[in-house]
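Asker:
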Amino acid sequence: MRPNDIVNVSYVNNQDEITIMYGATVPNVLTRLVLDESGIIRRSTWHGSKWVEFWFAPKETCDNYRSAAQLSYCVTSITRTSSSAPAYRDSNPVGP
Numbered sequence: 001m002r003p004n005d006i007v008n009v010s011y012v013n014n015q016d017e018i019t020i021m022y023g024a025t026v027p028n029v030l031t032r033l034v035l036d037e038s039g040i041i042r043r044s045t046w047h048g049s050k051w052v053e054f055w056f057a058p059k060e061t062c063d064n065y066r067s068a069a070q071l072s073y074c075v076t077s078i079t080r081t082s083s084s085a086p087a088y089r090d091s092n093p094v095g096p
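In the UniProt record's numbering, the protein residues as written are 1 to 96.
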């Protein structure tokens, strides 16, 4: 069974609301969606005696909020995850 076979997703975006509703399409399947303290959201189903994760977001390190320092950008294709913005010079430096 694929993940899309067990979860029905409904998305509404209008002037009154923005909502995403998830519903199980198979009555005897337990599913859960958890947002943890680091901002990662995980979708799992109950199999036997444990939760089995089959989807999560964000997928890339750079998708996480504040994964790069202030005034920098995030690059996932190299080992280093953030770099200073090119040719950045503070117009109002702090200090002597």
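Yeah, the Cβ is synthetic: ideal placement off N, Cα and C, and Gly gets one too.
Values in this document were obtained by computation on a predicted structure and should not be read as measured data.
Could you tell me which residues DSSP puts in a beta bridge with Ser-44?
Answerer: Taking the first residue of the sequence shown as 1, we reach residue 44 at position 44. Partner(s): Arg-32, Glu-53.
Asker: Tell me the rounded alpha-carbon separation between Asn-28 and Glu-17.
Answerer: Taking the sequence shown and counting its residues from 1, one reaches residue 28 at position 28. Taking the sequence shown and counting its residues from 1, one reaches residue 17 at position 17. Distance between the alpha carbons of Asn-28 and Glu-17 is about 31 Å.
Asker: Within a Cβ cutoff of 6 Å, which residues of the same chain sit near Gly-23, ignoring the five residues on either side of it in sequence?
Answerer: Within the sequence shown, residue 23 is the residue found at index 23, counting from 1. So the qualifying residues of the chain are Asn-8.
Asker: Which residues does DSSP list as the beta-bridge partners of Val-9?
Answerer: For the purposes of this step, residue 9 is identified with residue 9 of the sequence shown, where counting begins at 1. Answer by DSSP bridge pairing, in chain order: Tyr-22.
Asker: Would Thr-45 be called buried (16 or more neighbouring beta carbons within 10 Å of its own) or exposed?
Answerer: Numbered from its first residue, the sequence shown carries residue 45 at position 45. Thr-45 should be labelled buried.
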